[in-house]
Amino acid sequence: MELLLLYVIILLLNMLDFSSGIIYNSKGDVTKHFDCSNQGFSKKNELLRLYLTSDDLRIECIFHSDTNFTSKDFLSVFTSGGVVPSLKIINSTYAGVFHFNLKLFSDQIYWLIDIPRKNITRSRDIAAVEEWIVRIYLQHGLNTYTTEGTLLDKIREPILQWNLGTLIKEVNIRNLFPHVVGLKATKCPCANDVALLGFLLNSAHNGVYIGLSFSGFWLYSDTLWYNLTEMIYTKVGEGHSELSVVDMVLTNHFLVILTSLGLFVSGDLRHPSNSDLKFSRADFCGFERGDYAKGKLWYNERCFANREHFEVDYVTVTFERNRTLSEASSCFYGSEPFLEWLPCLPQLAKGMKIAPSTVITFLVDQDDSSGVYLLQNQVCLTASVSVHILENNKPRLKEKFPRFTFPPSFSSLVGMKFHPRSHLLYAYGNQVWFSVDGGNTFDLLADFHDDIIKNTYHSFYNSEITFVSQSGQVYLTKAGLHRFSKIGSIADKIFTLYYDHMGFIHKLTPGRFEANGYHKSIFGQAVDMGFETALAPEYITINEMIFYAYVPANEPQDSIHTKKFSNIHLGKVINSKKTGNAYIKKLLQHNIPEGFLSAVIAEIIEPFDLEDVKESSCLSSSLSINQDGKFYKLTLDLQSVVSSFQDSDIEKTVVIPGYSSFLITSIVDGNNALAMATVPERVPNNMTFVKDSWLLYDFGERNGRKWEIYTKPCNYLFQQDDNTLSLNVLRYIDLGKSQTLGIKVIPHGKGAHTLEVPLLKAIVGNPNLLDVKVKGSFDNTDRYQMEISAASKTFLQGSTSLALIVWGASTDCFVTTFTPTLKSSCSYLKSMRHNPSTLITRDEWLEGVHPYSRDFNMIKTLPVNYRPPSNMGVAIPLTDNFYHADPSKPIPRNLFPKSRKSGKFKQCANKSNRKQCNCTKDQKFSYAVAFSDCREKVPRFKFPVLQYPVSLDIYSEDGHIPMETPYLVTVMEVNGRKHWEIKHTVPENVMRLKNYLESILHVPVYNPLGLNLSVKGSELFHFRVSVVPGVTFCNLVEEFQIYVDEVPLQFPGHTLIAIATAVVLVCLIYATFMFQIHTVSPGKRYRKFIIRNKANLPNISTRGPQPPRVREAPGPQPSPKGGREKTVVEAGAPPRPQVEYRGLHREPPSPRQPSSLRAQNTSATARQEAGPPPRRIREPG
4 MELLLLYVII LLLNMLDFSS GIIYNSKGDV TKHFDCSNQG FSKKNELLRL YLTSDDLRIE
64 CIFHSDTNFT SKDFLSVFTS GGVVPSLKII NSTYAGVFHF NLKLFSDQIY WLIDIPRKNI
124 TRSRDIAAVE EWIVRIYLQH GLNTYTTEGT LLDKIREPIL QWNLGTLIKE VNIRNLFPHV
184 VGLKATKCPC ANDVALLGFL LNSAHNGVYI GLSFSGFWLY SDTLWYNLTE MIYTKVGEGH
244 SELSVVDMVL TNHFLVILTS LGLFVSGDLR HPSNSDLKFS RADFCGFERG DYAKGKLWYN
304 ERCFANREHF EVDYVTVTFE RNRTLSEASS CFYGSEPFLE WLPCLPQLAK GMKIAPSTVI
364 TFLVDQDDSS GVYLLQNQVC LTASVSVHIL ENNKPRLKEK FPRFTFPPSF SSLVGMKFHP
424 RSHLLYAYGN QVWFSVDGGN TFDLLADFHD DIIKNTYHSF YNSEITFVSQ SGQVYLTKAG
484 LHRFSKIGSI ADKIFTLYYD HMGFIHKLTP GRFEANGYHK SIFGQAVDMG FETALAPEYI
544 TINEMIFYAY VPANEPQDSI HTKKFSNIHL GKVINSKKTG NAYIKKLLQH NIPEGFLSAV
604 IAEIIEPFDL EDVKESSCLS SSLSINQDGK FYKLTLDLQS VVSSFQDSDI EKTVVIPGYS
664 SFLITSIVDG NNALAMATVP ERVPNNMTFV KDSWLLYDFG ERNGRKWEIY TKPCNYLFQQ
724 DDNTLSLNVL RYIDLGKSQT LGIKVIPHGK GAHTLEVPLL KAIVGNPNLL DVKVKGSFDN
784 TDRYQMEISA ASKTFLQGST SLALIVWGAS TDCFVTTFTP TLKSSCSYLK SMRHNPSTLI
844 TRDEWLEGVH PYSRDFNMIK TLPVNYRPPS NMGVAIPLTD NFYHADPSKP IPRNLFPKSR
904 KSGKFKQCAN KSNRKQCNCT KDQKFSYAVA FSDCREKVPR FKFPVLQYPV SLDIYSEDGH
964 IPMETPYLVT VMEVNGRKHW EIKHTVPENV MRLKNYLESI LHVPVYNPLG LNLSVKGSEL
1024 FHFRVSVVPG VTFCNLVEEF QIYVDEVPLQ FPGHTLIAIA TAVVLVCLIY ATFMFQIHTV
1084 SPGKRYRKFI IRNKANLPNI STRGPQPPRV REAPGPQPSP KGGREKTVVE AGAPPRPQVE
1144 YRGLHREPPS PRQPSSLRAQ NTSATARQEA GPPPRRIREP G
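Structure follows, in structure tokens:
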């Protein structure tokens, strides 16, 4: 019961911390957090890491606390109250929330969730893809026990699909440690937890050895080690020696390795033809092993997930030597696929001469499509930056800006880098300069004098930048801030630093990874940034003081800088070793007054402790001030025998409110001391100040420094209004569209005095691409809110970064800079979709049955290898598209030559059966013509299809809206079929645009709103609807299919019947007309024709041989019965009479005749054989 009550109270208290957005820099309760994993629970201090594979994502979570209660106790308490954790998955364009199961089993000690892969992503192709940020809350919408981590898609990350070389064990790797002289690390631009570590070897050992980690080098045992030596030697030959890694760059799609024997580029990591990664060697004429060993690679890190056509990776290689006459350059750059490497410097025109300069670094600015050079003049030994616009991936000869020249103090140049995913540029060496406008201007960030910055390390997630000097000192800044801090030093001789995807820094050594993620654990305790001199404070107001740094007159010139305030002190806190501290707000550098060459203005956070009489007895006397040359004499008006100046008062400061302060530099005697005035113009000369009207502060360093300078605790909270996105949000802006971002800065803690000036500074990488407007204001609680709106203003496509910088924030803040990216382009989430008139569920598609009315199924299963009819007939398909393809089955409708020449498999090409086509369920349900091989079932309609509504919607990350003007569309039938028509209405204000587009596109253009389709043909119609260009950057295309069934007669049968019927009717009418003209009675003619034919029929006997043909004898003879006789002549027989009546025909006598007739026939036969003359036969009537 006590446990339940305790955590109900905790939950209620945390609910009060509810916020509508994500708040950064707020330190939560780190003693209570979730520990979740899908591969076993993590070890102590290890970051939450999840991995997405081809299977569903199964996550188990337990609750950690420093109390004596177990995770099972917490589980029971929260679950019984209906409270379960929620998991939010976030990247720059996506956010999804998933809830753990509420059901609790008796033996369960953890929360459980199963997320199907398709609910997170449906893509499985190998490509550069963002690593997700995951946040686990006790309850969605509350900032309660938030635990952050990462989710990596292991089956899509390109480098993880390859075998880099020969896999070697950790034991064998440790044998290399005596030969390792350096380390080089590189990471995937989109998934910083996927990283490579290369060993730089001395001349005593050969080889290329690289370690691969997909967990951000948190555990040494998780690293896979590969030997690439054999691969390199296959390109350069076995005779070479002293092979070693020099530098490495992992781009979005390629791995570039600089070795002591040359530069090697991998194949495209997105297309693994086999498991072994292959490399090609880039040739640079005139460069040898010694040149390669001193070479460097330079790369502007940008994530190209959902890559656009204008996004290209560039890599530069520089060599530390001056080019000779036979060499094109000592600096080369290449763009992917890195098959061609070009000189960095543009080619000069004939006769043109410029001062000889060495290219230290060449980088490509992705925002402005320009090349930025860091140059050092070989004659004047001055450093400069030159910017040239890229044209066809080559820099123009003309500079974009006037060249920026650094002061001579910036003499030891090392390199230049863009902060990842931003437009902030840093040049470093013995000084650090940074530019916010792509190299046009630079501001000094730090001056290290004799020390030199050798390497810089960047984190895109929290905008952190670490500088490491050659002496091992480590400095930290935040992108865009004009301040930095010293965070410690590194004693290791061989090391490198690395930032993982969550912005935690790691120190990597050959045999050990220190990956706790906190600066103290890697670089030691907090560093005192004070310097060895005395400070002289002076009041400006009751809340502000100015501190002057004392420089002795005998200080050597080359060490004066060690006695002055510098940029490192800006934004820090001065602490007195007694009590009191003040926040340094402003830095002052000056040459007067003498002895005080620098000062800082500080806001008092906690009042400083004064000296008392016990520590300085002089405070018990009055004080008079008189000038004595360069100094001022301080004289005590003795009122007590114990009042006097002592040696311990040297470097203490006399402070008189309203007047100049005085730093005591020497003691003349007990009553007099010499001091230097901080502001000579305000010295109260020849004036006396009574006891308690003057103060004494001790900020000296003679007997041990009495003051310190440390990093100020974070003083601002940073809040996004939209709680669904990350710090590096990506927004797409289509033609005519706009996007809005909201940011809020909340002053927090002591010393965060609100000024009536904006707390945020906005920097646009490419101001010519988008119309960006910024509006900021303070609310009633002194919170500063900024709203950024960006709208499309040109037809140019490209991307630009924004940098929203809390310029007054401390470097101790986790987030000080918000760096969204805006793309003037089409969002990969934007699409056009057709809404069918009848909704068919996925289960009904799988079953193949959707009853629409009695005995009519709206789903038609197509025949195997089906092809729709053509305009030439049903049996003559001419389309190349197969539906429901199966290469093992015969192809129907393939009798005609034209049909046999058409029809091409796509998904099933070069396959032997349908199973090998590997059709997924999504492909089987897709209307796209690209997947027609897989399509099995289509919507079915009765003939005719009239006024079918073609309803179209636009879907994007912001939801969906009906498609309407200014969008205009074209409609086509992909198989070239006719017998369909479109009806639509066009507003008057769009008619001119419609006519113009039709004259250019040469196809009908339709208004998508109120589009109706009528189909009068049969079988399958496959339509494609496309948005016309010029109204969107997107290539919006949608396809849908209609199968028309139960047609009365297939085409062209109905037409042929109609034509034949018409011809017959015309002929009958014509014949009737002709009969009427010639007074012909068709009936009478017909009867006569029939009777005549019957009379001419031969007498056919059923027995014996057939009688000979009868001939008619000339001349009629009278019949004894009053009729007419007809003479019939039989060949070879006497003629036989045949009776014929008018209008009546008598059948011939039956073969069963009387005996008398048989006798007569017998005698007649005899006479016939004798050949008697013919006789007459009497006809009746």
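Under the numbering used here, think of the first position of the sequence shown as 4, with each following residue one higher.
From the three backbone atoms N, C-alpha and C, an ideal C-beta is built for every residue, glycine too.
Excluding five sequence positions before and after serine 741, the CB atoms of its chain that fall closer than 8 Å to its own CB belong to Ser792, Ala793, Ala794 and Ser795, given in chain order. At a Cβ-Cβ threshold of 8 Å, tyrosine 700 and lysine 655 count as neighbours. Apart from sequence neighbours up to five positions away, the residues of its chain that approach alanine 539 with a beta-carbon distance below 6 Å are Tyr551, Thr656, Ser664, Leu666 and Thr681, ordered along the chain. Unbroken beta strand (DSSP E) runs of no fewer than 3 residues, entirely contained in the segment 855-934, are found at 862-864, following chain order.
Using a 10 angstroms sphere on the CB of alanine 888, the tally of other CB atoms reaches 16 or more, which defines it as buried.
Between the alpha carbons of serine 627 and valine 693 lies a gap of roughly 9 Å. Across the set Glu160, Val137 and Phe817, the C-alpha of Glu160 shows the shortest separation from the C-alpha of serine 57. The three-state reading of DSSP puts phenylalanine 1092 in helix, counting H, G and I together. For valine 184, the closest C-alpha among the options Ala605, Asp250 and Arg125 is that of Asp250. With 16 or more neighbouring CB atoms inside 10 Å of its own CB, arginine 734 falls in the buried class. Only residues of its own chain outside the window of five on either side were considered, and among them Thr973, Val974, Ile985 and Glu1001 have a CB closer than 8 Å to the CB of proline 1007, listed in chain order. In this structure, the straight-line span from the alpha carbon of cysteine 937 to that of cysteine 911 is close to 8 Å. Arginine 1095 is classed as exposed because its beta carbon has fewer than 16 other beta carbons within 10 Å across all chains shown. Only residues of its own chain outside the window of five on either side were considered, and among them none has a CB closer than 6 Å to the CB of glycine 811. Pairwise C-beta distances place the segment 229-240 out of contact with the segment 184-198, as fewer than three of them are shorter than 8 Å.
For asparagine 629, DSSP records a beta bridge to Lys636. Beta-bridge annotation (DSSP): cysteine 39 is paired with Cys64.
Between the segment 800-819 and the segment 838-850 there are fewer than three inter-stretch CB-CB distances shorter than 8 Å, so the stretches are not counted as touching. Your pair isoleucine 93 and arginine 138 checks out as a contact, with CB atoms roughly 7 Å apart and the cut at 8 Å.
Per the C-alpha coordinates, the member of Asp371, Thr408 and Ser387 positioned closest to glutamate 394 is Asp371.
Apart from sequence neighbours up to five positions away, the residues of its chain that approach phenylalanine 781 with a beta-carbon distance below 6 Å are Tyr787, ordered along the chain.
Annotated three-state conformation of glutamate 160 is coil, per DSSP. When the beta-carbon positions are compared, isoleucine 563 and tyrosine 586 stay at least 8 Å from each other.
Counting only residues of its own chain and dropping the five nearest sequence neighbours on each side, phenylalanine 928 has a CB closer than 7 Å to the CB of Trp848. Going by beta carbons, tryptophan 983 and phenylalanine 1024 fall inside the 8 Å limit.
By the Cβ test, the segment 434-442 is in contact with the segment 387-406, since at least three Cβ pairs between them sit closer than 8 Å.
In this structure, isoleucine 543 places its C-beta atom within 8 Å of the C-beta atom of isoleucine 604. By the Cβ neighbour-count rule, arginine 896 is buried, with 16 or more other Cβ atoms within 10 Å of its own. Rounded to the nearest angstrom, the gap between the Cα atoms of valine 877 and arginine 870 is 10 Å. Residue state for methionine 234 is assigned as helix, using DSSP reduced to three classes.
Around the beta carbon of glycine 962, a 10 Å sphere encloses fewer than 16 other beta carbons of the protein chains shown; the residue is thus reported as exposed. In its chain, beyond the 5 residues on either side, Asn309 have a beta carbon closer than 6 Å to the beta carbon of tyrosine 831.
In this structure the segment 617-626 does not lie against the segment 594-602, because fewer than three pairs of beta carbons, one per stretch, are closer than 8 Å.
In the DSSP assignment, proline 750 is bridged to Tyr719. Annotation: glutamine 528 to cysteine 717 spans about 17 Å, alpha carbon to alpha carbon. In the pairwise beta carbon analysis, the segment 1011-1030 is classified as touching the segment 936-954: at least three pairs are separated by under 8 Å.
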